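Residue numbers (our numbering): 6 to 206.
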């Protein structure tokens, strides 16, 4: 061990006690041969805990299937099926808030709730149900709430996720850009996409 000091002391400071704020006192340690040998034999263990992640709501899309089997994207309309895509969006849990909530952009106080029992297809990557009559033409924010966990086990606290952009219904619907695969724009995307490209799971 070697004691050291660093700092700046002026001539007029020599007649009084050294200001410890100006001079830093420390010690340097040098490892001996034995300590170096022991350090080489050390093993480092890292403990990592997975972050708590919630659902990822990726897009909303409405489709029409023709008699020949071809599928085309259409504007979401009340009374017709709509499909929400994402990851870990399966509705599960006994909490009263579990379900899908539509909130009008024009009138935020206007909300339409779709409970779990009204969802006909309830899977981790997609939800399919009939768009309620209360979701009229206009822009709507879409939010899901679920207690479904990434490991398939329900979590205690409900998790919530909302579409990045409002969904256009009826006359407010806009056809997505052809190059868009995220489905988070007005009305969502007509393609399934690869859900694994998103970091939340």
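Glycine included, C-beta positions come from ideal geometry on N, C-alpha and C.
Keep in mind that this is a model prediction, so the values were computed, not measured.
- Under DSSP, the beta-bridge partners assigned to residue 133 are 88, 126.
- The continuous alpha helix (DSSP H) containing residue 41 extends over residues 38-45.
- Put simply, the segment 83-93 touches the segment 126-142. At least three CB pairs are less than 8 Å apart.
- In this structure, residue 119 and residue 105 form a Cβ contact; the two beta carbons are roughly 4 Å apart against a cut-off of 8 Å.
- By the criterion of at least three beta-carbon pairs nearer than 8 Å, the segment 61-73 is not in contact with the segment 32-52.
- Here residue 137 has 83, 117, 119 as same chain residues with Cβ atoms under 7 Å from its own Cβ, once five neighbours each way along the sequence are excluded.
- The C-beta distance from residue 135 to residue 62 rounds to 18 Å, too long to meet the 8 Å contact threshold.
- Apart from sequence neighbours up to five positions away, the residues of its chain that approach residue 152 with a beta-carbon distance below 8 Å are 97, 98, 99, 100, 103, 159, 160, 161, 162, 163, 164, ordered along the chain.
- Between the C-alpha atoms of residue 126 and residue 85 there is a straight-line separation of about 14 Å.
- As far as DSSP is concerned, residue 6 takes part in no beta bridge.
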